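Report on the following structure.
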Amino acid sequence: IVWNKEGEMELSMQMVENYYKRAECFLHQFNNYYGVTEPVYEGTTPYSWEGSIGRRTRGENIADTTGVQATFKAWQKLRSMKNKEEEKLPGFENFTDEQMFFISFAA
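First residue of the sequence shown: 1, per UniProt numbering; consecutive thereafter.
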């Protein structure tokens, strides 16, 4: 990442292309959750959908996923330093620590 004389971030064309390729994967992944195919428009008013749910929530989906990935890596590092399994909650004894980590995000 490079900063110009006005202090604004400038990305190389390669970085921009890579971002859009990955963002497109998120778009398709989230559209598949809802069985949506591109493009989706309802009506012609300014308040109609501007594309599918995946397109409208792409930035949020990327941020959420990146946050979970970073948190999971940090948790794995902390866990390796403790070198013991987490305490199990009643009714969740059959789940691995990794599974419990992701279950906690769904709660």
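Glycine included, every Cβ here is placed at the ideal spot set by N, Cα and C. Keep in mind it's a predicted model, so treat the numbers as computed, not measured.
For residue i, the three-state DSSP class (helix, strand or coil)
{"i": "E98", "result": "helix"}
{"i": "E86", "result": "coil"}
{"i": "residue 110", "result": "Nothing can be reported for residue 110: it is not among the residues displayed for the chain, which extend from 1 to 107."}
{"i": "T57", "result": "coil"}
Residues sharing a beta bridge with residue i, DSSP
{"i": "Y2", "result": "Tyr is not the amino acid found at residue 2; the sequence shown has Val there. According to DSSP, which records beta bridges pairwise, V2 is partnered with E10."}
Spatial neighbours of residue i in its chain, beta-carbon cut-off 7 Å, leaving aside the 5 residues before and after
{"i": "V2", "result": "E10"}
Close Cβ partners of residue i (< 8 Å) along its chain, the five nearest in sequence each way excluded
{"i": "F105", "result": "V68"}
Quick test of the definition: if touching needs 3 or more C-beta pairs under 8 Å, does the segment 18–28 touch the segment 56–63?
Enough Cβ pairs lie closer than 8 Å, so yes.
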